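Undergrad: Heads up: the sequence lines are chains P and B, in that order.
Taking the working numbering, the leading residue of the first sequence gets 1, the next gets one more, and so forth.
Taking the working numbering, the leading residue of the second sequence gets 1001, the next gets one more, and so forth.
Glycine residues also receive a C-beta, built at the ideal position from the N, C-alpha and C atoms.
The structure presented is a predicted model; accordingly, all values stated were derived computationally and were not measured.
Protein chains: 2
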Amino acid sequence: MLKQAGLRVTPVRLAALEVLRKAAAPLDVPKILAKLPPATDAVTVYRTLNTFTRKKMVHRVRGEDRSWLYAIGDMGPERHEHRHPHFVCDTCGKVECLQDAEIPRTFVRSLKLDDAYAVTYPEVVLHGVCPRCR
Amino acid sequence: MLKQAGLRVTPVRLAALEVLRKAAAPLDVPKILAKLPPATDAVTVYRTLNTFTRKKMVHRVRGEDRSWLYAIGDMGPERHEHRHPHFVCDTCGKVECLQDAEIPRTFVRSLKLDDAYAVTYPEVVLHGVCPRCR
DNA sequence: GGAGCAAATGCAAGTCACTGGCATTTAGGA
DNA sequence: TCCTAAATGCCAGTGACTTGCATTTGCTCC
């Protein structure tokens, strides 16, 4: 996979890929770092993930706390596309996955977007006040 | 307004409220700080805004990057509800407002959400690749 | 119109995610 | 095996934000 991208095969890269491969969900850098051997240099990991992103080996998505989360190719957007909306409570700041509600397949189309934009998936965040804060 | 919330009336608080009152859009702390008298202590402003948030005098919404934006009560979510979707390019990371596309009024209802959640506005972020990165 | 005190402030210092510079090491083609 | 560009590791720096603590200041109660 590294060779395919024209990158050298190095221990850090292999380890990072392995962590992402085993991950059940997209991870941010600190979480990745925690799963890597203790002596691993944080700077290298940041650079490694930037490289992976540039080479499109991983998907980089925004986390709820507005950090970047990384996920390996075949478990990227498709598997984690969050077909369900999220709910952000503007009082307590908590975020919930609304598993039950599904974003209609027709939704993106209904926006009548310019064809120049290639949408991979829609993210819906409902703002409001959660049951606990009302 | 401060007294109503059971807070003391102090110069920093008055100035911060004034800045938010005059703001056309939600601001993050650095931006607020820039509009305050030069000698204003950043720590105090952070604390002030946390206090305002706790007392529900301001709305705190998430910014595009990992930051909080603050807006005063009556120009909070309603006036800045971003009735239009946003587009995030997962290649270059840039965020755009898709002014032309409007989120259907019926959208939130169509999700058939639990009544316990009081939705003030829906935020839609389309992920994909922007025209420039294709 | 004080006096007293909790609340608010200001300053120093610390944390945390992340970046840039630069010397050293190393992968991998010749 | 050699050589070089690529990758790493370490240092230091940035920028947003927090914590601790001593000092100041609104505000209540006399």
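#1: Checking the sheet assignment: what are the DSSP bridge partners for residue 1038 of chain B?
#2: Can you pull the chain P residues whose beta carbon is under 7 Å from the beta carbon of residue 1002 of chain B, in chain order?
#3: Residues in the segment 114 to 132 of chain P with C-beta within 8 Å of chain B's C-beta atoms, listed in sequence order?
#4: Taking a Cβ distance cut-off of 8 Å, strictly less, list which residues of the segment 8 to 23 of chain P are near chain B, in chain order.
#5: Just to make sure I have the definition right: I need the residues of chain P whose C-beta is within less than 8 Å of the C-beta of residue 1071 of chain B. Which are they?
#6: Can you list, in chain order, the residues of its chain with a C-beta nearer than 7 Å to that of residue 1075 of chain B? Leave out the 5 residues immediately preceding and following it.
#7: DSSP state of residue 75 of chain P, grouped into three classes?
#8: Would you please state the rounded distance, in angstroms, between the beta carbons of residue 1088 of chain B and residue 126 of chain P? I believe it to be under 8 Å.
#9: To the nearest angstrom, how far is the alpha carbon of residue 1 of chain P from that of residue 71 of chain P?
#10: Any C-beta of chain P sitting closer than 7 Å to the C-beta of residue 1075 of chain B?
#11: From this set, P:128, P:131, P:86 and P:129, which residue's C-alpha is nearest residue 122 of chain P's C-alpha?
#12: What number of angstroms, rounded off, separates the C-alpha of residue 1046 of chain B from the C-alpha of residue 1027 of chain B?
TA: This is what the structure holds:
#1: Answer by DSSP bridge pairing: none, since residue 1038 of chain B is not bridged.
#2: Residues of chain P passing the Cβ test: none, with the nearest at roughly 20 Å.
#3: Answer set for the segment 114 to 132 of chain P: 114, 116, 117, 118, 119, 120, 121, 122, 123, 124, 125, 126, 127, 128, 129, 130 and 131.
#4: none
#5: Per Cβ cutoff of 8 Å: no residues; residue 1071 of chain B is ~10 Å from chain P at best.
#6: At residue 1075 of chain B the pLDDT is 46, less than 50, meaning the model places this residue with poor confidence; the figure from the coordinates comes in the next sentence. Within the same chain, residue 1075 of chain B has no close Cβ partners at all.
#7: Any answer about residue 75 of chain P is weak, because its pLDDT of 46 lies below 50 and its placement is not dependable; what the coordinates show is given next. Of the three classes helix, strand and coil, the one that applies to residue 75 of chain P here is helix, per DSSP.
#8: Contact flag wrong, Cβ pair sits at about 18 Å.
#9: 15 Å
#10: Note that residue 1075 of chain B has pLDDT 46, beneath the 50 cutoff, so the model's placement of it is unreliable and the number below is only indicative. Cβ-Cβ to chain P under 7 Å: no for residue 1075 of chain B.
#11: Comparing C-alpha distances from residue 122 of chain P to each of P:128, P:131, P:86 and P:129 shows the shortest one belongs to P:86.
#12: 13 Å
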